[in-house]
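Have a look at the structure below, then the notes.
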Ligand code: PMP
Ligand code: GLN
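In the numbering used here, the protein residues as written are 235 to 633.
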């Protein structure tokens, strides 16, 4: 049977949402056999003991629906990690909800707090799932832009974005795509606005453990008066280099977490039990694991940063996350960031992500994001390819 080509209008917001840039650039990378420094995922497996714990957990007969908010082992481990790393006290029974990735955690947190018409303060450049979800919930985005190259917080503009209808700020630190880690001073300013406007914060802290020397990750929840109004989100994908697992967690004050649990109940209800149990093993790892992860990534950041600079790319400072951004205009490339990323994928065999994809409307068009969460020899090969491409001047967009 043939389906009619047109039926009643479906959801117009989703109909107007494009495929994510990460999928687009990964597909282009595969097509051109390019080294994928676009979509942020490590090219090595996470710790073998965690993977083994997941495999073992599959075989010991606990494969039916786990509890709605997560297996007790993982909820306990998330609470313990909050205490160990940040001194945050989280209720063991109701203070944590385990989700299917931070992606679900973000959506569930926004569902928990927003009513139609509420205003949400968002900081550009922003991660791609934030805006569609805010809009689908009928809330009104208020966008504030960080200014490159230092991505400083424009305080007067941030203050102006807050008003009587502000329900929350969605804050990503360490930040994708900029690698910015918000300072205590910036967080204190944000905290002041939240207190003044009696607003909430949803803190996307998926890169919490990927912070490099000279910077420190400070959860907003640790500032005075913030714990009671903050939902803090983490991701096992990032903390254990297992991005395909899609295990995330939200922690916060019980009255808010009860609502996050309701949202989760209606989104996915629960998350694979073996992966949850393995992530609990991971979170209990000694400090040396977390320090080693950050140190290894810092080495890769330095390698890519130095290599790109040597080729004439103007890199911007990155203190955390998987990413470093470059100003492509400094290289003399004739075209915007999208043209640049396409050109290097096709001509050089190295994929990157155009930073304009992290903006709404009129965006800066000269920045590209490279992921450095790759093996040393892979980054070396990517740099070698880029060197050949840069040598073949003039650098022009694809015809
Ligand atoms: N937030 C940010 C800032 C991210 O970069 C990502 C992507 N990896 C996510 C959330 C989603 O994390 P997860 O894969 O756990 O859903
Ligand atoms: N967070 C990853 C990135 O920024 C991508 C995740 C995804 O593909 N949805 O590269």
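Glycine included, C-beta positions come from ideal geometry on N, C-alpha and C.
Just so we're clear, the structure is a prediction, and the values are computed from it rather than from any experiment.
When Cβ pairs closer than 8 Å are counted between the two stretches, the stretch 332–339 is seen not to touch the stretch 384–393, the count staying below three. Remark: the C-beta of residue 558 is outside contact range of the ligand PMP, defined as less than 7 Å to any heavy atom.
Here the stretch 618–625 makes no contact with the stretch 588–605; the two share fewer than three CB pairs at distances below 8 Å. Classified as buried, residue 309 has 16 or more neighbouring CB atoms from the shown chains inside 10 Å of its CB.
Residues of the same chain with a CB within less than 6 Å of the CB of residue 570, apart from the 5 flanking positions on each side, are 599 in chain order.
Per DSSP, residue 256 is one residue of the alpha helix (DSSP H) stretching across 255–265. In the three-state scheme derived from DSSP, where H, G and I count as helix and E and B as strand, residue 335 is classed as helix. According to DSSP, residue pairing for residue 352 in a beta bridge does not occur. Relative to the ligand GLN, residue 321 has its C-beta separated by 7 Å or more from all heavy atoms.
Residue 393 and residue 457 have their alpha carbons spaced roughly 18 Å apart. Within the stretch 414–479, the alpha helix (DSSP H) runs of at least 4 residues that lie entirely inside it are, in chain order, 418–430 and 470–473. Between residue 471 and residue 339 a beta carbon distance of about 11 Å is seen, past the 8 Å cut, so the two are scored as non-contacting. In the DSSP assignment, residue 524 falls within the alpha helix (DSSP H) that extends over 521–544. For residue 555, same chain residues with a beta-carbon under 7 Å away, outside a window of 5 residues either side, are 408, 409, 410, 413, 441 and 444 in chain order. Screening all residues for a C-beta within a distance smaller than 6 Å of any heavy atom in the ligand GLN leaves 254, 256, 273, 274 and 410, in chain order. Inclusion of residue 428 and residue 452 in the CB contact set at 8 Å is not warranted, their separation being larger than that value. Residue 557 carries a strand assignment under DSSP once its states are collapsed to helix, strand and coil.
Annotated as proximal: residue 461 and residue 487, with beta-carbon spacing under 8 Å. It is roughly 36 Å from the alpha-carbon of residue 272 to the alpha-carbon of residue 306.
Shown here for residue 631: same chain residues with a beta carbon closer than 7 Å to its own, the five before and five after excluded, namely 568, 569, 573 and 577 in chain order. When the five nearest sequence neighbours on each side are left out, the beta carbons in the same chain lying within less than 6 Å of the beta carbon of residue 325 are those of 488, in order along the chain. Short of 8 Å from the beta carbon of residue 247, and not among the five residues preceding or following it, lie these beta carbons of its own chain, in chain order: 366, 369 and 370. Excluding its 5 nearest sequence neighbours in each direction, residue 535 has C-beta neighbours in its own chain below 7 Å: 446, 552, 558 and 606, listed in chain order. With 16 or more other Cβ atoms from the protein chains shown falling within 10 Å of its own Cβ, residue 439 counts as buried.
Counting C-beta atoms within 10 angstroms of its own C-beta, residue 510 has 16 or more neighbours from the protein chains shown and is therefore classed as buried. Distance from the C-beta of residue 269 to the nearest heavy atom of the ligand PMP is not below 7 Å. Around the beta carbon of residue 274, 16 or more other beta carbons sit within 10 angstroms, so the residue counts as buried. Within the same chain, 346 come within 6 Å of residue 493 by CB-CB distance, once the 5 residues on both sides are set aside. For residue 566, the closest C-alpha among the options 627, 541 and 301 is that of 627. Distance from the Cα of residue 415 is smallest, within the candidate group 449, 397 and 352, for 449. The alpha helix (DSSP H) runs lying completely inside the stretch 587–632 and spanning 4 residues or more are 610–625, given in chain order. Secondary structure of residue 323 (DSSP, three-state): coil. A buried status is given to residue 541, since no fewer than 16 other beta-carbon atoms sit within 10 Å of its beta-carbon.
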